[in-house]
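In my numbering, the protein residues as written are 14 to 325. Glycine included, each C-beta is placed from N, C-alpha and C at the ideal position.
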């Protein structure tokens, strides 16, 4: 097996492949076009989010047997065409689900207790106890949209709180001891906190729009550690201005470029994003919910285990 590594990952992935007799080649700088010219020489690819493996790219990968993606989703791969070609796809949602669950809970607790605001004020010499009076999570109804690896991990973290946890998923029968599965109508009637844990698909892109947000019986707090394009930012801001959304925790943004880096090269921030930056009821992080010291190891190990099990 000849494997081309296109992104830097934990060294264990190369070490363990080498122990299986795989040849590991690393190329972290070539353009997509340059990689296309040589990809026919490889049996496997290891990638995070450097570029999209589209049909044109895969057509040139004439000997490709597997793609290992160090992340939860496969949205930067033409999965339909890859499956037609019999290419084995190994993603690693198991590797960072715990990190995502902890991060989501951390965002809620930070926002409810105004930790960022209070910290800034105390550092600036302001001692305002009443202005930083927090909210308690206990007694709230938490609604989880998408009850796979990430949603289940988050629900498990909530099990120590006196909260009602409900979940909505297009797949039936996924509820468990940590979350009761409900239909979308009950979900919107009961939820006070809404957390997104869905993959990026044609049905989830722009899923959280003005109509979606207007349907909730209660004003909600919205948290997104899934994919940025699931939320229409302008509609979220409008809902915040109307009081339909009380606050938001966003680890991902619809403005992200596919590389997740240098998001605003042009130095012109969208007006809706400027609103989020200025709001004290918003907490923002740079797509790091699943990006921990531990998850770096777990992601690599998960991909290695799946590929070794399949081919060795």
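Under a three-way DSSP split, which group does residue i fall into?
| i | result |
| --- | --- |
| residue 186 | coil |
| residue 134 | helix |
| residue 129 | helix |
| residue 77 | coil |
| residue 236 | strand |
| residue 90 | strand |
| residue 103 | strand |
| residue 308 | helix |
| residue 194 | strand |
| residue 204 | coil |
| residue 124 | helix |
| residue 83 | coil |
| residue 98 | coil |
| residue 113 | helix |
| residue 301 | coil |
| residue 211 | coil |
Use the C-beta contact count for residue i: other C-beta atoms within 10 angstroms, 16 or more gives buried, fewer gives exposed.
| i | result |
| --- | --- |
| residue 183 | exposed |
| residue 227 | exposed |
| residue 216 | exposed |
| residue 254 | exposed |
| residue 220 | buried |
| residue 93 | exposed |
| residue 267 | buried |
| residue 172 | exposed |
| residue 290 | exposed |
| residue 106 | buried |
| residue 133 | exposed |
| residue 204 | buried |
| residue 89 | buried |
| residue 54 | exposed |
| residue 114 | buried |
| residue 81 | buried |
Tell me which residues share the same chain as residue i and place their Cβ nearer than 7 Å to its Cβ, disregarding the 5 neighbours each side in the sequence.
| i | result |
| --- | --- |
| residue 237 | 209, 243, 244, 263, 264, 265 |
| residue 313 | 22, 23, 25, 26, 83 |
| residue 116 | 238, 264, 302 |
| residue 29 | 317 |
| residue 218 | 242, 243 |
| residue 288 | 250 |
| residue 325 | 33 |
If you measure between the beta carbons of residue i and residue j, is that distance less than 7 Å?
| i | j | result |
| --- | --- | --- |
| residue 309 | residue 23 | yes |
| residue 214 | residue 177 | no |
| residue 190 | residue 180 | no |
| residue 156 | residue 200 | yes |
| residue 320 | residue 74 | no |
| residue 7 | residue 256 | For residue 7 there is no data in the structure shown, the boundaries of the chain being 14 and 325. |
| residue 315 | residue 57 | no |
| residue 175 | residue 151 | yes |
| residue 170 | residue 118 | yes |
| residue 148 | residue 125 | yes |
| residue 63 | residue 20 | yes |
| residue 97 | residue 70 | no |
| residue 66 | residue 100 | no |
| residue 159 | residue 207 | no |
| residue 296 | residue 120 | yes |
| residue 202 | residue 230 | yes |
| residue 305 | residue 112 | yes |
| residue 258 | residue 282 | no |
Once you ignore the five residues that flank residue i on each side, which residues in its own chain have a CB closer than 6 Å to its CB?
| i | result |
| --- | --- |
| residue 272 | Low confidence applies here, because residue 272 scores a pLDDT of 49, under 50, leaving its location unreliable and the question unanswered by this model. |
| residue 294 | 260 |
| residue 145 | 127, 131 |
| residue 52 | 73, 74 |
Whose C-beta lies closer than 8 Å to the C-beta of residue i among residues of the same chain, with five residues either side of it excluded?
| i | result |
| --- | --- |
| residue 285 | 246, 247, 249, 250 |
| residue 37 | 16, 18, 27, 30, 31 |
| residue 323 | 79, 101, 103 |
| residue 35 | 14, 15, 16, 57 |
Would residue i count as contacting chain B if we go by Cβ distances under 7 Å?
| i | result |
| --- | --- |
| residue 143 | Note that chain B does not occur in the displayed structure, where there is just one protein chain. |
Is residue i near the ligand FMN - that is, is its Cβ less than 6 Å away from at least one heavy atom of it?
| i | result |
| --- | --- |
| residue 218 | This structure lacks the ligand FMN; in fact it carries no ligand of any kind. |
At 4 residues or longer, and completely inside the segment 18-62: list those alpha helix (DSSP H) runs for me, N to C. 25-32, 45-51
Taking only runs that begin and end inside the segment 241-299, name each unbroken alpha helix (DSSP H) of 4 or more residues, in chain order. 246-255, 284-291
Runs of 4 residues minimum, wholly inside the segment 131-182: which ones carry the alpha helix (DSSP H) assignment? 162-171
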